[in-house]
Amino acid sequence: MPSRLPLYNAACLRPPRARESPMRPLTLPARLPLRRLLTVARPALWVNTVGTLVMGLWLTGHLYTLRPDLLVLLAYLTLPFNLLIYGLNDLADREEDALSARKGGWQGARLTAGEGGPLLRAILLLNAPFLLALALLLPPAASGVLLLAAALFVAYSLPPLRLKGRPFLDGLSNVAYALPLVLPALALGTDVPWLPLAALMAYSVGKHAFDAAQDVPADRLAGTRTVATTLGVRGTAAYALGWFLLAGALLWPLSHLTAIALWLVCGGMALALLRRPTPERAARLYPLSIVTPWIVGTVAGVPLVYLLARGLWP
0 MPSRLPLYNA
10 ACLRPPRARE
20 SPMRPLTLPA
30 RLPLRRLLTV
40 ARPALWVNTV
50 GTLVMGLWLT
60 GHLYTLRPDL
70 LVLLAYLTLP
80 FNLLIYGLND
90 LADREEDALS
100 ARKGGWQGAR
110 LTAGEGGPLL
120 RAILLLNAPF
130 LLALALLLPP
140 AASGVLLLAA
150 ALFVAYSLPP
160 LRLKGRPFLD
170 GLSNVAYALP
180 LVLPALALGT
190 DVPWLPLAAL
200 MAYSVGKHAF
210 DAAQDVPADR
220 LAGTRTVATT
230 LGVRGTAAYA
240 LGWFLLAGAL
250 LWPLSHLTAI
260 ALWLVCGGMA
270 LALLRRPTPE
280 RAARLYPLSI
290 VTPWIVGTVA
300 GVPLVYLLAR
310 GLWP
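Numbering (numbering that gives the first Met the number 0), first residue to last: 0 to 313.
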């Protein structure tokens, strides 16, 4: 998904000395503009949260149910929730991001020293009201799952757990991306789609590992230990391939077509990296990684919409 940008070092995070003056102290922004918040929240990746919720609605057979709790939940999984996920990640990863050629654009922000406080306030102000409202609107089980997903993302980025720096736990914590799938079932009191949930969890772990392969040089330089720095690019490609194969196997009883699509797209992506295991190759394959939810989701969605239209699902 990347365009090549020049490498930066940590000194780039400091304001230029020419702008500093003892007579006129540097002023920090009280708040960040919406455009900057959107850069941090990475709208290109919102399919991982919004799309998962919509798929959960499909699986319950209530795709067109316009209940207030579901509409508020859908709104929350756009900017607020993604700002929590990626804003905290960007704050915690400023050192690595300063060394990463792919940060500073649509793949994530390089935060300046003065943006930390305003970003934290924006995350709190956008998330707290939604979480409070959803705690009142949703059943306790659904609220608990939503809070678990948020807690896993916080634990991934921030101390004391900082799961990003704990190899294998870093990827396993990404099962949080799959949890919105069960929220419609819990909200509507229908059966939880356990097999699709397990498949999406396996896919999320594999995708995290695959995406981390391109950051091996920057993470090693910053001293961050991840599943990719531990296994190396070749080992990471094989590790991701194993999770993609498992995800397809879990989907096979439900939809042969969807399982085959996942194996072809995600498995093929991992095999391509395995044949040429370099961070540069991983970076070139990253755009395909981003669109895999769209490709596999479309394959899954077309027959599901047909069954819904014919009254054969659920």
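Cβ coordinates follow ideal geometry from the N, Cα and C atoms, glycine included.
Judged by DSSP in its simplified three-state form, A108 adopts coil rather than helix or strand. With a cut-off of 8 Å on Cβ pairs, the region 82 to 93 is in contact with the region 28 to 47, counting three or more such pairs. Taking a 10 Å sphere around the C-beta of H61, we find 16 or more other C-beta atoms and assign the residue as buried. Taking 8 Å as the upper bound for CB-CB distance, L118 and L110 are in contact here, some 7 Å apart.
Judged by beta-carbon spacing, S203 lies beyond the 7 Å limit of Y238, meaning their Cβ atoms are not closer than that value.
Boundaries of the alpha helix (DSSP H) harbouring Y75: 67 to 75, taken from the DSSP string. Between L180 and G50, the CB-CB gap reaches or exceeds 7 Å. Note that the region 273 to 286 touches the region 207 to 222; at least 3 beta-carbon pairs, one per stretch, sit closer than 8 Å. Considering only A121, L58, R66, K163, the residue with the shortest C-alpha distance to A91 is K163. A distance below 7 Å between beta-carbons, with the five flanking residues on each side excluded, links L157 to the following residues of its chain, in chain order: L87, A91. The residues R30, L31, L36, L82, G86, in chain order, have a CB closer than 8 Å to that of A121 in the same chain once the five nearest residues on each side in sequence are set aside. Judged by DSSP in its simplified three-state form, P195 adopts helix.
Three or more pairs of CB atoms, one per stretch, sit closer than 8 Å, so the region 257 to 266 contacts the region 240 to 247. For T257, the enclosing alpha helix (DSSP H) stretches over residues 255 to 261.
A Cβ-Cβ separation of about 7 Å places G300 in contact with W57 under the 8 Å criterion.
Sequence-distant Cβ neighbours of F80 in its own chain, meaning closer than 6 Å and more than five residues away, are T48. With 16 or more other Cβ atoms from the protein chains shown falling within 10 Å of its own Cβ, W242 counts as buried. By the 16-neighbour rule on beta-carbons within 10 angstroms, G205 is buried.
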